[in-house]
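Report on the following structure.
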């Protein structure tokens, strides 16, 4: 899927407003929630149930990567994902827990 | 300042993504933090130290009102503000505490 290896940013480098903006989107909330329900590295990029085209999906993954919420690795033709939950929780305590609450949608 | 009385929305009517988007802005974070440091109804709209013009400021106040974070009342020629902290905390536990942390900017 990917031409070059994805760049990652650690959550400790991320301003609060940027982290909030990354989570302030229904598609990205869905991605984060599906990742939270899966094992690390279980989910390839094409496996998410979101109503967006491939280019838009790549953008959403990039936004999550850029706030330190997502780690990605290429294996063969696929890109696999891990939610960086401990790192993100350490920087922004409670924020991811709130984002996972579907009862607040 | 205001022609008509402001409309309010209770936080319990607000989706999570909308609340996150309202706080994902440096000017609105400053408004919320200044309000959190003041007494209820202490601050009129013109008293905040933010680098935006009056029309933009009115927009930011409206966004905060529309997620149930801000209550406003007109008294004479001035509009006064109260942070709806208990109501917002009940709906989104921990989110406002995080927003008040200037060390995460």
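Chains as they are written, first to last, in the numbering used here: chain G, 84 to 188; chain B, 84 to 188.
Every residue, glycine too, gets a C-beta built ideally from N, C-alpha and C.
Item	Value
Assumed close pair residue 126(B), residue 117(B) - CB separation to whole angstroms, cut-off 8 Å	7 Å
Residue burial classification, residue 105(B) (beta-carbon count within 10 angstroms, cutoff 16)	buried
Buried versus exposed call for residue 167(B) [16 or more other C-beta atoms within 10 Å across all chains shown]	buried
Three-state class that DSSP yields for residue 166(B) in the structure shown	strand
Length of the line joining the Cα atoms of residue 181(B) and residue 134(B)	23 Å
Simplified DSSP assignment, three categories, for residue 96(G)	helix
Cα-Cα separation between residue 138(G) and residue 165(B), rounded to whole angstroms	43 Å
Chain G contact for residue 176(B) (CB, 9 Å cutoff)	yes
Proximal residues to residue 171(B) (C-beta, below 7 Å), its chain only, five neighbours per side dropped	94, 151, 152 and 179
Exposure label - residue 91(B); buried when at least 16 CB within 10 Å	exposed
Same chain, Cβ closer than 7 Å to residue 103(G), five either side skipped, listed in chain order	none
Residues, ordered as in the chain, of the stretch 119-140 of chain B that lie near chain G by beta-carbon distance below 9 Å	none
Contact list for residue 158(B) against chain G, beta-carbon separation under 7 Å	Near residue 158(B) there are no residues of chain G at all, since even the closest Cβ is about 32 Å away, more than 7 Å.
8 Å Cβ cut-off: residues of chain G touching residue 184(B)	99
Residue 153(G) - DSSP class collapsed to helix/strand/coil	strand
Pairwise C-alpha distance: residue 183(B) and residue 81(B)	With chain B represented from 84 up to 188, any question about residue 81(B) goes unanswered, as that position is not in the structure.
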